[in-house]
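Colleague:
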Amino acid sequence: MTFAGLPELAQHLRAELDTKKFVLLYAYNGTGKTRLSMAFRDLGRAVNNEGETTRRDTLYFNAYTEDLFSWDNDLESDRQRVLELNDGSRFFNGLRELEMEVKIGKYLDRYTDFSFYIDYDRKARRAEAKDLERFPPAVMFFRDRDQDGDPISIKVSRGEENIFIWCFFLAIVQLVLDGAEAYNWVKYVYIDDPISSLDDNNVVAVAHHLAQMLTQADKLPQVVVSTHHALFFNVLCNELKNKAHRHFLKTEATSGSYSLLDTSAKPFLHHLSTLVDLYEVQVSGALYTHHFNMMRRVMEQTANFFGLDDWKACIVVSDDDPNKTLYKRMIDLMSHGDYSLYEPREMMEENKAHFRTIFRQFIAMHPFNPALFPNHPGEPV
8 MTFAGLPELA QHLRAELDTK KFVLLYAYNG TGKTRLSMAF RDLGRAVNNE GETTRRDTLY
68 FNAYTEDLFS WDNDLESDRQ RVLELNDGSR FFNGLRELEM EVKIGKYLDR YTDFSFYIDY
128 DRKARRAEAK DLERFPPAVM FFRDRDQDGD PISIKVSRGE ENIFIWCFFL AIVQLVLDGA
188 EAYNWVKYVY IDDPISSLDD NNVVAVAHHL AQMLTQADKL PQVVVSTHHA LFFNVLCNEL
248 KNKAHRHFLK TEATSGSYSL LDTSAKPFLH HLSTLVDLYE VQVSGALYTH HFNMMRRVME
308 QTANFFGLDD WKACIVVSDD DPNKTLYKRM IDLMSHGDYS LYEPREMMEE NKAHFRTIFR
368 QFIAMHPFNP ALFPNHPGEP V
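Position in the sequence shown (first residue = 1) + 7 = the working numbering.
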């Protein structure tokens with residue numbers, strides 16, 4: 008499916024949410040995921056002549072959400088570093104009344120070992136001291152306390168900061184799920200790339216927790232999640248299964264249009280998708296020299312996964328096959344030659360036969376899902 012622009016694509020996503028509760032999008036950085044989240048928000052937003060929002064239906068997490076938090080690093084005394092909150096945003100409405108520290112802490116304890124508190128009176132104390140500068144509420148992070156019992160301020164890492172902001176957002180989502188009156192306007196939740204700067208362990212944990220939180224709720228909003236992180240995307244796909252539409256989002260540089268590829272119809276991971284493509288072309292006979300290069304790349308990834316010395320260990324033929332050395336040299340030569348995908352050269356029939364032998368042995372001797380390779384009439388694989 009192709010869309011002329013982001014508003015049309017956003018409208019399509021809203022239509023998809025009428026049939027399933029979740030839409031998962033994978034896209035490379037620079038595709039326009041953040042802009043898409045704002046286009047989605049704008050479809051449910053009304054603004055009056057004074058620029059005030061009079062109607063909205065989307066609670067969102069994206070780069071703009073993260074920008075609501077900024078560091079005061081106390082450069083003068085180098086002592087008390089705090090994460091300031093842009094309290095001009097409605098995102099922070101009613102923090103103290105809703106006891107957000109308790110709600111945030113419940114999620115934060117899953118991922119970190121530091122503590123925090125929100126200093127709501129920071130601005131008031133500065134005003135009393137006749138300090139003309141504006142000091143908004145701020146978050147202080149700490150692990151230890153001094154001899155008087157006061158927390159010792161620390162600056163957390165970028166990854167820990169992102170986790171905190173994410174847990175802040177989750178606490179608000181939980182209010183939505185609990186039916187809090189302050190958030191009864193939320194029909195959609197749009198989450199864009201919540202796992203920047205996280206290691207793979209936390210990526211899996213965040214994806215699993217998010218899926219469990221949303222699917223076990225009694226009051227379930229309609230949710231879009233977009234990401235550039237393949238592992239995060241795949242964990243969510245596995246957790247949500249047939250409850251979600253799953254797409255690979257691409258943009259056309261020349262036309263500026265956008266397209267959605269249904270990843271449930273074809274393996275998402277690049278090497279598996281390549282394997283399916285190679286299987287199809289070796290069946291059809293449309294084999295070109297660059298296909299040797301593609302096969303070697305898949306072998307490189309497979310060897311790395313299984314801890315083998317190198318890709319050559321993936322060439323599994325009988326020891327008495329006189330062509331065993333030839334196969335290795337052929338892949339080496341073909342994958343290093345000047346064989347461009349954009350100037351395809353068809354293989355000679357003899358090389359096609361060698362390619363089929365190598366490829367069929369490769370997929371037969373490694374535990375790939377046989378369902379990836381449906382049998383064709385007369386096809387031995």
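Using N, Cα and C, we set each Cβ at its ideal position, and we do this for glycine too. All values derive from a computational prediction rather than experimental measurement.
Tell me whether Q308 sits in a helix, a strand or coil according to DSSP, three-state version.
Modeller: Here Q308 sits in helix by DSSP.
Colleague: At the level of alpha carbons, what is the spacing between M107 and A178?
Modeller: Each residue's alpha carbon lies about 7 Å from the other.
Colleague: Using CA coordinates, which residue listed in H216, K257, S262 is at the minimum distance from D269?
Modeller: For the residues H216, K257, S262, the minimum Cα distance to D269 belongs to K257.
Colleague: Is the CB-CB distance between M302 and I338 below 8 Å?
Modeller: For M302 and I338, yes; Cβs fall inside 8 Å.
Colleague: Buried or exposed for N169, going by 16 or more other Cβ atoms inside 10 Å?
Modeller: By the 10 Å Cβ count, N169 comes out buried.
Colleague: So, under 8 Å CB-CB, K28 and K250 are touching, yes? Tell me the CB distance rounded to an integer number of Å.
Modeller: Contact flag correct, Cβ pair sits at about 6 Å.
Colleague: Cutting at 7 Å between CB atoms, please list the residues of its own chain near T309, excluding the five before and the five after it.
Modeller: Within the same chain, T309 has close Cβ partners C321, H373.
Colleague: Is P377 helix, strand or coil by DSSP?
Modeller: If DSSP states are grouped into helix, strand and coil, P377 belongs with the helices.
Colleague: For the 8 Å Cβ check, are there 3 or more pairs between the segment 230-248 and the segment 195-205?
Modeller: Output reads yes: the segment 195-205 touches the segment 230-248.
Colleague: Checking 8 Å against the spacing of the C-beta atoms, do F239 and V210 come in under that value?
Modeller: Against a cut-off of 8 Å, the Cβ pair of V210 and F239 comes out as a contact.
Colleague: Would you check if the distance between the CB atom of F123 and the CB atom of V146 is smaller than 8 Å?
Modeller: Closer than 8 Å, so yes.
Colleague: Roughly how many angstroms lie between the CA atoms of G186 and A224, to the nearest whole one?
Modeller: Taking the straight line joining both Cα atoms gives about 11 Å.
Colleague: With Y265 and F99 assumed to form a contact (beta carbons below 8 Å), what rounded beta-carbon distance in angstroms separates them?
Modeller: With a Cβ gap of about 33 Å, Y265 and F99 do not count as contacting.
Colleague: Do the CB positions of D94 and Q87 come within less than 8 Å of each other?
Modeller: Taking 8 Å as the Cβ cut-off, D94 and Q87 do not qualify as a contacting pair.
Colleague: Using the DSSP secondary-structure output, state which residues sit across from S122 in a beta bridge.
Modeller: Paired residue(s): F149.
Colleague: Using DSSP with H/G/I as helix, E/B as strand and the rest coil, what is W5?
Modeller: Outside the displayed span of the chain (8 to 388) sits residue 5, for which this structure offers no information.
Colleague: Is R352 helix, strand or coil when you go by DSSP?
Modeller: The answer is coil: DSSP assigns R352 none of H, G, I, E or B.
Colleague: According to DSSP, which residues form a beta bridge with R62?
Modeller: A53, per the DSSP bridge assignment.
Colleague: DSSP on K28, reduced to helix/strand/coil?
Modeller: Note: K28 maps to coil in three-state DSSP.
Colleague: Using a 10 Å radius around the Cβ and a threshold of 16 neighbouring Cβ atoms, would you call M355 buried or exposed?
Modeller: Exposed.
Colleague: From the DSSP output, which residues share a beta bridge with L90?
Modeller: Its beta-bridge partners are W78, V146.
Colleague: Does DSSP put A371 in a helix, in a strand, or in coil?
Modeller: Residue state, collapsed to three classes: helix.
Colleague: Can you tell me which of the three DSSP states H236 falls into?
Modeller: In the structure shown, H236 sits in coil (DSSP, three-state: anything other than H, G, I, E or B).
Colleague: Please classify R48: is it buried, with 16 or more other beta-carbons within 10 angstroms of its beta-carbon, or exposed?
Modeller: Buried, because 16 or more other Cβ atoms sit within 10 Å of the Cβ of R48.
Colleague: To the nearest angstrom, report how far apart L139 and L115 are at their CA atoms.
Modeller: With a pLDDT of only 45 at L139, under the threshold of 50, the placement of this residue in the model should not be trusted, and no figure is reported.
Colleague: What beta strand (DSSP E) runs, 3 residues minimum, are completely inside the segment 261-306?
Modeller: Listed in chain order, the complete beta strand (DSSP E) runs (minimum 3 residues) inside the segment 261-306 are 265-269.
Colleague: How long is the line joining the alpha carbons of E15 and T222, rounded to whole angstroms?
Modeller: Approximately 28 Å, taken between the alpha carbons.
Colleague: So K40 packs on A46, CB below 8 Å; how close in whole Å?
Modeller: At roughly 11 Å, the Cβ-Cβ gap does not stay under 8 Å, so K40 and A46 are not in contact.
Colleague: Contact check, D64 vs K194 under 8 Å by CB: the rounded distance?
Modeller: Contact flag correct, Cβ pair sits at about 4 Å.
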